[in-house]
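Be aware that the sequence shown starts at 741, since it is given in this note's numbering, and climbs by one per residue.
All residues carry an ideal CB built from backbone N, CA and C; glycine is no exception.
All figures in this text were calculated on a predicted structure; none of them were measured in a lab.
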Amino acid sequence: MDRLLRGAAGPDGKTPHLLAAVTHATGAVLAEHQIGAKTNEVPAFVPLLRELHTYHPPTGHVITADAAHTNRAHAEAIVTELGAHFVFTVKNNTPALAVDCHQVTDWTKAPIGHTTEGKAHGRLEKRTIQLAEASEAIRARHPHARTVARIRRRTTRTVTRGTPRRRVTRRTTTTTTVHVITSLAPGEVTAAELATYVRDHWTVENRVHRVRDVTFREDASRVRTGPPPRVLATFRNLAIGLLRQAGHPRISPTPRRLRHDPALLTAILGLENPA
C-alpha cells in the first residue's frame, strides 16, 4: 500500500511518498518505508518485505499487492526468500501476461467458483470468480504461478437527473474483468478464499488511508516540512494498530472517549490499571 503525505514537503521540496505493509485482518501497518525522490514504489517493495521478515516473518502467509508489483523478481523474493505466497493483479502494465491469462482457458465455459453480491454507495455489485491452472506460457513469465483467476464485476448504478418537475431515472450497467495470478495451487486455495484475498486488499485502502485522512486529518496537518510529517505518519499508524488490536475497530469515536476515560487508555496500551 502506498500513500502520498499531501501538503508536506521533503528536503527536496517534493511530497513524501510512503510504502507500507498492512495486514488484511486488522488494517495494522507492520512496516513502512519512505520512497526516494528519484525512484518509485516498485524498487522499494522487496526491501520493505525483507526488513519486515527480520522481526515479523511472513512465512506461510499470503501477500497481496497492486498491479505495479506484478513482476517476476517480486514473486521470486516472496516465494524463495520469505517462504510466503503471492496474489498479484494482472493489468495492462503487463500486456503479454494479460494476454496469457485471457487465453489460459475458455473462460466462457469455465465454471463460476464463487459469487458475491452487495449494495454500497448507491450501486449494486455482483462479483464472480473462475479458476484455472496456470499454463506453460504463464509459468515461463512467472515460474511460481500456479493458479489464474478471472474476476468479473458487474456494477449497476441508478442515477436520477433533471429538475424537480421533470426527473429522469436511468439505470446503467458496466462489467469489469480483471485477472489474478497466485503461487497457491488449485488444490491449496478455493475460489471463495482467493476472492477474499483480492477484496480485502482493496478494503485496506479505506481501513488505513481513509482513517489517517478523515479521523486524524493527516492531509490537513500544518506540520509540513522536514522529518516531522513522516514521524507523525508513524504515530498515526501506531494508534490505529493499537486501537484495533485492543478490540476497537471503529476508530473515530474512540479518541473522543479517551479524553474522559483514562482506564480505557491504559487498557489499549496494555498497561495495568494503577487502582
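Collapsed DSSP secondary structure at residue 785 in the structure displayed: Of the three classes helix, strand and coil, the one that applies to residue 785 here is helix, per DSSP.
Proximity test, residue 894 beta-carbon vs the ligand COA heavy atom, cut-off 7 Å: No copy of the ligand COA occurs in the structure displayed, which carries no ligand at all.
Outcome for residue 796 when other beta-carbon atoms lying within 10 angstroms are tallied against a minimum of 16: Around the Cβ of residue 796, a 10 Å sphere holds fewer than 16 other Cβ atoms; the residue is exposed.
Distance between residue 884 and residue 789 (C-alpha atoms, nearest Å): Residue 789 and residue 884: Cα-Cα distance of roughly 18 Å.
For residue 822 and residue 799, believed in contact at Cβ under 8 Å, the rounded distance: About 6 Å; that satisfies the 8 Å criterion.
Under 8 Å between C-beta atoms of residue 871 and residue 887: For the 8 Å CB-CB criterion, residue 871 and residue 887 form a contact.
Cβ shell of residue 977 (< 7 Å), same chain only, five flanking positions each side left out: Correct list, in chain order: 769, 772.
Residues bridged to residue 907 [DSSP beta-bridge criterion]: Per DSSP, 902.
Beta-carbon proximity check, residue 737 vs residue 931, cutoff 8 Å: Examination of residue 737 is not possible in this model, given that the chain is present from 741 through 1015 alone.
Local Cβ density within 10 Å of residue 975, reported as buried at 16 or more and exposed below that: Exposed.
Top-ranked residue by Cα proximity to residue 939, from 764, 758, 850, 757: Of 764, 758, 850, 757, the smallest CA-CA separation from residue 939 is found for 764.
Nearest to residue 836 (by Cα), restricted to the options 811, 848, 860: When 811, 848, 860 are compared, the shortest CA-CA separation from residue 836 is found for 811.
Alpha-carbon to alpha-carbon, residue 815 and residue 899: Residue 899 and residue 815: Cα-Cα distance of roughly 42 Å.
Three-pair Cβ contact test at 8 Å for the region 958-975 versus the region 986-996: Cβ pair count under 8 Å is below three, so no.
Cβ shell of residue 808 (< 7 Å), same chain only, five flanking positions each side left out: Around residue 808, the same chain offers 781, 782, 833 as residues with beta carbons nearer than 7 Å, after the five sequence neighbours per side are excluded.
Residue from 842, 996, 1006, 813 whose Cα sits closest to the Cα of residue 918: Per the Cα distances, 842.
Whether residue 935 touches residue 867 by CB criterion (8 Å): Yes, they are a contact pair.
Rounded separation between residue 830 and residue 922 - CA only: Distance between the alpha carbons of residue 830 and residue 922: 11 Å.
Between the CA atoms of residue 881 and residue 791 - distance to the nearest angstrom: C-alpha of residue 791 to C-alpha of residue 881: approximately 27 Å in a straight line.
Expected contact under 8 Å - CB spacing of residue 762 and residue 951 to nearest Å: That pair is no contact at about 11 Å.
As assigned by DSSP and simplified to three states, the class of residue 821: Helix.
Own chain partners of residue 897 with C-beta closer than 6 Å, once the 5 adjacent residues on each side are dropped: Answer for residue 897: 863, 912, listed in chain order.
Length of the line joining the Cα atoms of residue 941 and residue 805: Cα-Cα distance, rounded: 7 Å.
Reduced DSSP category for residue 960 - H, G, I as helix; E, B as strand; rest coil: Coil.
DSSP beta-bridge partners of residue 990: For residue 990, DSSP records no beta bridge to any residue.
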